[in-house]
Amino acid sequence: MKQILVIWSLLLVSVSAHAVIETRSFTDPALEERYTVLINELRCLVCQNNNLADSNAELARDLREHVYSMLISGATDTEIINYMVERYGDFVLFRPPFKPTTAALWIGPFILLVLGVVGLVVIIRKRNRTQVEALTDVERTQVRRLLDQDE
Amino acid sequence: MKTRFVIPIVVFAVLVVFLGIGLKLDPRKVPSPFIGKPAPEFSLPSLHNVHANLSTQDFTGSVWVLNVWASWCVACRAEHEVLQDLASEDLAPVIGLNYKDHPNDAKRWLRQLGDPYQASAVDADGKAGIDWGVYGVPETFVIDQQGIVRYKHIGPITTEDLHETIIPLVKTLKEKRA
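For the record, the sequence lines run as chains A and B.
Per the working numbering, residue 1 is the first one in the first sequence, and the count goes up by one each step.
Per the working numbering, residue 152 is the first one in the second sequence, and the count goes up by one each step.
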């Protein structure tokens with residue numbers, strides 16, 4: 001028991017989880033809020049399933065720096081997003097815009113959902129239609145006998 | 152009764168096809184938004200001559216190749232020989248963009264391995280790299296006479312890439328002008 005406790009407490013200690021994410025100072029809390037939202041929405045291209053906020057790749061750090069300096073110099077969120085998309089494509093956005101190339105991405109799940117529901121309905125209907133055949137007289141007496149045995 | 156067996160097999164086949172396609176795709180290769188668009192400009196000091204400036208405008212009117220490299224980049228070492236081949240073909244100027252590197256390290260690297268670049272621009276803070284949408288060194292761009300980016304290669308160029316894609320592309324781009 002004691003050993004298990006020790007192991008558990010060791011598991012709770014994380015050695016390498018301290019990402020080297022720099023701190024930034026903002027005079028305006030609204031700016032800080034926008035900064036946080038932006039770096040959470042933008043994808044890091046080096047570790048592709050991380051956003052800029054989570055990634056400690058060098059490029060992510062440079063891009064955070066860029067977002068920060070653009071914000072400080074008064075750029076709007078759209079300007080910053082456009083700046084990134086111009087350079088890295090829609091891929092930098094975790095929520096890509098709806099376009100012919102991304103249509104499958106946006107509509108696909110709903111098509112699959114509709115297909116699934118249709119399939120389910122068809123199966124359920126089919127199952128209801130198969131009727132239970134009535135028992136013959138012989139079977140009926142057999143059942144009766146079985147039931148009577150219990151009493 | 153028959154459909155009962157056919158449907159799962161069809162679904163399975165479709166899945167296999169999609170997973171098969173997925174296996175062949177490389178998620179690291181993000182399509183560049185620059186293809187067919189004017190190349191981003193830079194004006195940076197030259198690696199070998201600090202007083203000289205290298206600018207994208209120097210190359211307007213000719214087909215040229217921009218290769219983003221760094222001495223710390225292991226994959227650049229792998230592609231270096233292929234770049235030497237490209238340079239020796241003497242088809243188009245090969246320009247280096249020395250990305251986030253120390254000039255001394257970069258110069259030593261070129262001394263040791265040979266210098267395939269007509270010139271290298273020093274992008275010490277990586278700003279030009281961001282402008283060009285660089286996210287993984289090495290990257291290689293082919294730019295045409297009008298300054299339009301025609302091709303981008305992410306990662307080291309292999310001999311096949313060079314002979315099957317890059318050299319033919321440079322040749323056709325050059326012919327267009329003539």
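Ideal placement from N, C-alpha and C gives every residue a C-beta, glycine not left out.
The contact set of A/Leu45 on chain B, defined by CB atoms closer than 7 Å, consists of Val181, Tyr286 in chain order.
With its beta carbon less than 8 Å from one in chain B, A/Leu59 belongs to the interface. Contact note: B/Asp282 reaches chain A through Arg87, using a C-beta cutoff of 8 Å and chain order.
A contact is defined here as three or more CB-CB pairs under 8 Å, and the segment 178 to 185 of chain B fails this definition with respect to the segment 137 to 149 of chain A. Excluding sequence positions up to five before and after A/Arg34, its CB lies within less than 8 Å of the CB of Leu71, Asp77, all in the same chain and listed in chain order. Annotation: B/Pro244 has no Cβ neighbours in chain A at a cutoff of 8 Å; minimum Cβ distance is about 24 Å. Around the beta-carbon of B/Leu176, fewer than 16 other beta-carbon atoms lie within 10 Å, marking it exposed. If you ignore the 5 residues before and after B/His304, its C-beta comes within less than 6 Å of the C-beta of Thr291, all in its own chain and listed in chain order.
Against chain A, the CB of B/Gly277 has a partner CB under 8 Å away; the residue lies at that interface. DSSP, read as helix, strand or coil, puts A/Arg43 in strand.
Within chain A, the residues placing a beta-carbon under 8 Å from that of B/Pro178 are Gln48, ordered along the chain. Residue pairing of B/Thr291 in beta bridges, as defined by DSSP: B/Asn218, B/His304.
A Cβ-Cβ contact shorter than 8 Å links A/Leu45 with A/Val92.
The C-alpha of B/Ala226 is placed about 18 Å away from the C-alpha of B/Ile317. Cβ neighbours of B/Lys180 within its own chain (closer than 6 Å, five residues either side excluded): Ile305.
Distances from the CA of B/Ile308 to each of B/Val300, B/Leu195, B/Lys153, B/Val233 were compared; the closest alpha carbon is that of B/Val233. Scanning chain A for C-beta atoms nearer than 8 Å to the C-beta of B/Pro254 yields nothing, as the closest lies near 18 Å away. Contact between B/Asp282 and B/Pro191 is confirmed by a C-beta separation of about 4 Å, below the 8 Å threshold. Comparing alpha carbon positions, the residue from A/Arg95, A/His66, A/Lys99 closest to A/Tyr83 is A/His66. Within the same chain, Val214, Trp215, Val216, Val321 come within 6 Å of B/Ala243 by CB-CB distance, once the 5 residues on both sides are set aside.
For the pair B/Ser222 and B/Asp256, the CB atoms are nearer than the 8 Å cut-off. In summary, B/Asp276 is exposed, with fewer than 16 beta-carbon neighbours lying within 10 Å of its beta-carbon over all protein chains present. Contact with chain B is absent for A/Phe94, since none of that chain's Cβ atoms lies less than 8 Å from the residue's Cβ. Within the DSSP secondary-structure output, B/Pro196 pairs in a beta bridge with B/Asn204.
Using a Cβ-Cβ cut-off of 9 Å, A/Asp62 is close to Lys251, Asp276, Gly277, Lys278, Gly280, Ile281 of chain B, given in chain order. Taking CB atoms only, A/Phe91 has a neighbour in chain B less than 8 Å away.
The C-beta distance from A/Tyr88 to B/Gly280 rounds to 11 Å, too long to fall under 8 Å, and the pair is not in contact.
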